[in-house]
Amino acid sequence: MEWYLKVLQNFLVFSGRARRKEYWMFILIPTLAVAVRRLHDTGRSGWWMLLNLLPGLGTLILLVFFVFESEEGTNEYGPNPKGA
22 MEWYLKVLQN
32 FLVFSGRARR
42 KEYWMFILIP
52 TLAVAVRRLH
62 DTGRSGWWML
72 LNLLPGLGTL
82 ILLVFFVFES
92 EEGTNEYGPN
102 PKGA
């Protein structure tokens, strides 16, 4: 947790150095979480993230899913974040 807080405290500091762990742990967890929530917003399971295992094609398919409009109303993952 210390590395995560360090990143938040220094997000406007462009001098100095950062360890690999500080970089990758900050990028992977929040990125994965928001990607899964975005898939939920379009009515898809977070398991679709496994498409990233297909080089190129999987990433392209996920990109298309991410740009789709949200599902109207409430779906199995919760209410529409845009509102009613």
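Per the numbering used here, the very first residue in the sequence shown carries number 22; after that it's consecutive.
Backbone N, C-alpha and C fix where the C-beta goes; we use that ideal spot for every residue, glycine too.
These figures come from a predicted structure and were not determined experimentally.
Worksheet item: Is the CB-CB distance between Gly-67 and Val-57 below 7 Å?
Response: By one-based count along the sequence shown, residue 67 stands at place 46. By one-based count along the sequence shown, residue 57 stands at place 36. Yes, they are a contact pair.
Worksheet item: Exposed or buried, which one is Leu-26 when buried takes at least 16 other CB atoms within 10 Å?
Response: As a position in the sequence shown, residue 26 is number 5, starting the count at 1. Leu-26 comes out exposed.
Fill in: First through last residue of the alpha helix (DSSP H) which encompasses Lys-42
By one-based count along the sequence shown, residue 42 stands at place 21. That run of the alpha helix (DSSP H) goes 41-62.
Worksheet item: So what's Leu-99 in DSSP terms, helix, strand or just coil?
Response: Within the sequence shown, the letter at position 78 stands for residue 99. Per the sequence shown, the amino acid found at residue 99 is Gly instead of Leu. Three-state DSSP puts Gly-99 in a strand.
Practice prompt. Measure the alpha-carbon distance for Gly-37 versus Glu-43 and round it to whole angstroms.
Written response: Working through the sequence shown from its first residue, we reach residue 37 at position 16. Working through the sequence shown from its first residue, we reach residue 43 at position 22. Spanning the two alpha carbons is a distance of roughly 13 Å.
Worksheet entry | Outcome for Leu-71 when other beta-carbon atoms lying within 10 angstroms are tallied against a minimum of 16 | For this step, residue 71 is matched to residue 50 along the sequence shown. Under this definition Leu-71 is an exposed residue.
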